[in-house]
Amino acid sequence: MSMPSEKPVEKLTRVDASQELQRLATEIALHDRHYYNEDRPAISDAAYDALRRRNLAIEARFPDLVRADSPSVRVGAKPSEKFAKVVHDVPMLSLDNAFSDGDVGDFIVRVRRFLALKDGDALIVTAEPKIDGLSATLRYENGVLVQAATRGDGSEGEDITANVRTIRDIPLRLYGEAPDLLEVRGEIYMSHREFASLNARQERDGKQIYANPRNSAAGSVRQLDPAITASRALNFFAYAWGAISRLPAHTQWDMLQAFKSYGFRVNPLIERCKTVEEVLAFYRKIEGRRAGLGYDIDGVVYKIDDLALQGRLGFVSRSPRWAIAHKFPAEQAETILTDIEIQVGRTGKLTPVAKLKPVTVGGVVVQNATLHNEDEIVRKDVRVGDTVVVQRAGDVIPQIVRVILERRPKGAKPYKFPEKCPVCNSHAVREVDEKTGRIDVDRRCTGGLICPAQAVERLKHFVSRDAFDIEGFGGTYIETLYQAGLLKEPADIFALTRKPDTLGRVLADKRTEQGVQRRALAGKEATKKAPRKGEDGEGKLVGNLVAAIEMRRAVPLDRFINALGIRHVGETTARLIARNYRTVEAWLEAMRAKDAVEDLDAIEGIGLTVAEAIRDFFEEPHNRKALDRLLKEVDVMPVKAPAKTSPVSGQTVVFTGSLEKMTRAEAKARAESLGAKVSSSVSKKTDLVVAGPGAGSKLADAQKFGVKVIDEDAWLKLAGG
């Protein structure tokens, strides 16, 4: 063990101080690793404290020499006013879920089919506990932590660097021969012991009691004052990576071993499995040990071990094909259904919501549960006053599992679903599909543009996280501004930046009204008294809202399309459309053409129902006018071309017939990764048809339109395979 220099701090030169701070940072980091990561301290607490005191003393004398990896950052930095946004170089994707053994078996079958593996071909899977915490990415450049961010919406998160530096089992500087650029991803969590200790302190100080360790961890990391984060013992497990200058290994397992050598904690329970039976046996073992782990998990994650196979499998929508989360069964509880309310969504859909007597399910207080639609209410025979069993589906969405009929109160009547919109009193109908004759499961308000609920919900969707993501612009503000006549359509949101005084007055009036209501409820004199200038913070609030709106005047094409609220067009479909047309100008031009439906229907993943819904949207004059107004306020960013150019970049490719050297799914994935658009039908806009044995009508169409046709071998050569 090195001992602190004998030379007093006050006699150190700048050169001495710089060298001493480097030595102390390295030595203290090594002892942190021994203590927090390996649970084997190498020096006494007193000796460790002496090293840290000397480091602080030198930094106090030479503040300009404080290092990025200084131990002093572990105790927190200057509080921040807000979190900056961080765009992820590599998106942080979510995982598909499996809820049964059958789902896991189906996952393995899909992978083997996609890769065209034979029965005897090996397929190794890594299995690891799914930590219930806050996902984060840590960026290291030349071995030094330079940035940390939350997952956010997967494309963009929040900068939490100052707070993450306080987590002691996250290395500030990496050990060994780490890549020059490395983004390590994992989960920040709070142990059961620390959670109990934190809530005891909160209760003692008369502060908020946290519902569960995950909320506590997330709340701790998102404190504006890093000193608060530093006061709470958080932990981090590494399990993945983002941007990286070189891969130090060829398997998932060996990547995790590399992370361990760099100084990260990797979950010690991770195992490699060779069969579905081994995978499920691991799941049962972890489920049995769940209560005694000392931290929360909500399932098991399976990943294909071979990174080359991961690369071949690629991604679908916002999740990888090579991984899946096997969730634990949802926790259940009993409570009373006190009412059924009807909510009207942005497409006019009437959704019944069960109002429940508050009950804790899986550590979360549940007061509402989905009832889906009127058929579901009839099928389960749910009535007001019933005692019901509630669970959080997938540990997320509360739902009613069943009614306990023996506890049904006398006189409880079957629920009659309304046939008129509860907001605008327009007729609410169940549409009939003209082609199939089937009745839609959902009842919808026919009020359309005259229904305030639909207008408000469309605006809420427009500013939501997966659309324009305007920070701080919540539902309450939208409802207030809509009622005041300042908001009717999306373009009005951006027009608000030109009238801050009006915006401030409306919000101030609303706050005053709310204050009057609170005082009335409390039995106090309900006098409408305007707040004194400067006391209510209205100026700062308006400034923050205007700044948040201005930050979103530039938006990616897929978010722009999703934000429009077109029926059947969600996040995934919007991304398919954006990837196909690349620019908003090209998309709008195509939508004005006579063959718009056929053009959309040809896109892989978009069917006729979606295509017709988009056509209907553009045929409505009001929608076209609202879109024109919006485009005068915002800048829609085009879809970036693939990082690597290829002979098929930007081309429309159709696969037909049997492929013998790769599966159809893999061929499509390869084409998309090379920047091609994969279509399900041949038209005059098709650039290339890849035809295998048994090609039929598509080959005939290609010959009719004069489209180039090649076989599978030529495709592999063209695609670099």
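Going by the working numbering, the first residue of the sequence shown is number 11, and it counts up by one from there. For every residue, glycine included, the Cβ atom is placed at its ideal position computed from N, Cα and C.
Around the Cβ of R224, are there at least 16 other Cβ atoms within 10 angstroms (buried) or fewer (exposed)? Only buried fits R224, as 16 or more other CB atoms lie within 10 angstroms of its CB.
Can the beta-carbon of S255 be found closer than 8 Å to that of L317? In this structure, S255 keeps its C-beta atom at 8 Å or more from the C-beta atom of L317.
How would you label S271, buried or exposed, when you count the other beta carbons within 10 angstroms and need 16 or more for buried? Exposed.
Less than 8 Å between C-beta atoms, sequence neighbours within five positions excluded: which residues of the same chain meet that for L75? Closer than 8 Å at Cβ, skipping near neighbours: R24, A27, S28, L31, I68, E69.
V692, buried or exposed, once every other Cβ within 10 Å from all chains shown has been counted against 16: So V692 ends up on the buried side.
Out of R412, I503, T582, E187, which one is the CA nearest neighbour of T345? Ranked by Cα distance from T345, the first of R412, I503, T582, E187 is R412.
Nearest-angstrom Cβ-Cβ length linking R178 and G304, presumed shorter than 8 Å: Rounded to whole angstroms, the Cβ separation of R178 and G304 is 17 Å, and the two are not in contact under 8 Å.
Classify D609: buried if its beta carbon has 16 or more other beta carbons within 10 angstroms, exposed otherwise. D609 comes out buried.
Quick one: residues in its chain with C-beta nearer than 6 Å to the C-beta of A675, no 5 flanking neighbours on either side, listed in chain order? Around A675, the same chain offers F124 as residues with beta carbons nearer than 6 Å, after the five sequence neighbours per side are excluded.
Run the proximity test for L105: is its beta-carbon closer than 7 Å to any non-hydrogen atom belonging to the ligand SAH? The ligand SAH is not part of this structure, which contains no ligands at all.
When burial is assigned at 16 or more other CB atoms within 10 Å of the CB, is L257 buried or exposed? Counting Cβ neighbours within 10 Å, L257 comes out exposed, since fewer than 16 surround it.
Compare the Cα-Cα distances from T486 to each of K498, G457, L517 and report the closest residue. The shortest C-alpha separation from T486 is found at L517.
Is it buried or exposed for I449, if we count other Cβ within 10 angstroms and need 16 for buried? Here I449 is exposed: its Cβ has fewer than 16 other Cβ atoms, across all protein chains shown, within 10 Å.
As an exercise, report each continuous beta strand (DSSP E) stretch of at least 3 residues that is fully enclosed by the stretch 414-482, in chain order. Entirely contained in the stretch 414-482, not one beta strand (DSSP E) run reaches 3 residues.
Could you compute how far the alpha carbon of F715 sits from the alpha carbon of K694? If I take the Cα positions, the gap works out to 5 Å.
Closest residue to I407 among T397, V363, R468 (Cα-Cα distance): Shortest Cα-Cα distance from I407 to any of T397, V363, R468 involves V363.
Check whether the Cβ atoms of R356 and Q464 lie closer than 8 Å to each other. Yes, Cβ-Cβ distance for R356 and Q464 is below 8 Å.
Would you identify the three-state DSSP class for R175, choosing helix, strand or coil? Here R175 sits in coil by DSSP.
Are there 16 or more other CB atoms within 10 angstroms of the CB of K337, so buried, or fewer, so exposed? K337 should be labelled buried.
How about the stretch 376-392 and the stretch 498-516: do they share at least three Cβ pairs that are nearer than 8 Å? No, the stretch 376-392 is not in contact with the stretch 498-516.
Output the distance between the C-alpha atoms of P101 and T583, rounded to the nearest integer angstrom. Those two C-alpha atoms are separated by around 18 Å.
At what residue ranges does the stretch 155-202 contain a whole run of the beta strand (DSSP E), taking only runs of 3 or more? Runs found: 166-168, 191-200.
Could you give the distance in angstroms between the alpha-carbon of V607 and the alpha-carbon of V646? Each residue's Cα considered, the two are about 23 Å apart.
Looking only at its chain, what residues have a beta carbon closer than 6 Å to the beta carbon of K718, apart from the 5 residues adjacent to it on each side? These residues qualify, in order along the chain: L698.
Pick out whichever of L366, E297, S690 has its Cα sitting closest to the Cα of V376. Considering only L366, E297, S690, the residue with the shortest C-alpha distance to V376 is L366.
What is the DSSP secondary structure of K509, counted as helix, strand or coil? Assignment of K509 by DSSP, reduced to helix, strand and coil, places it in the coil class.
Cα-Cα separation between A588 and R331, rounded to whole angstroms: Near 21 Å, if we compare the C-alpha coordinates of R331 and A588.
Along the chain, where does the beta strand (DSSP E) containing K708 start, and where does it finish? The continuous stretches of beta strand (DSSP E) do not include K708, which lies in the alpha helix (DSSP H) extending over residues 707-715.
Taking the beta carbon of A206 as the centre, do at least 16 other beta carbons fall within 10 Å, making it buried, or is it exposed? A residue is called buried once 16 or more other Cβ atoms fall within 10 Å of its Cβ, and A206, having fewer, is exposed.
Distance, E581 Cα to Q157 Cα: About 28 Å.
Three or more C-beta pairs closer than 8 Å, one from the stretch 681-689 and one from the stretch 659-672: is that the case here? Proximity of the stretch 681-689 to the stretch 659-672 meets the contact definition, three or more beta-carbon pairs being nearer than 8 Å.
Considering only residues of the same chain and omitting the five flanking positions on each side of A681, which have a CB-CB separation below 6 Å? Counting only Cβ-Cβ distances below 6 Å, and skipping sequence neighbours, we find V663, V688.
With DSSP run on the structure shown, which of helix, strand or coil describes H336? Correct three-state label for H336: strand.
Neighbourhood of K768 by C-beta distance below 7 Å, restricted to the same chain and skipping five residues each side: As shown, the chain starts at 11 and ends at 731. That puts residue 768 outside it, with no answer to give.
Whole angstroms are fine: how far does the CA of T361 sit from the CA of K423? Distance between the alpha carbons of K423 and T361 is about 20 Å.
Output the distance between the C-alpha atoms of A540 and N435, rounded to the nearest integer angstrom. Model confidence at A540 stands at a pLDDT of 46, short of 50, so the residue's coordinates are unreliable; what they give is reported in the following sentence. Computed Cα separation, rounded: 36 Å.
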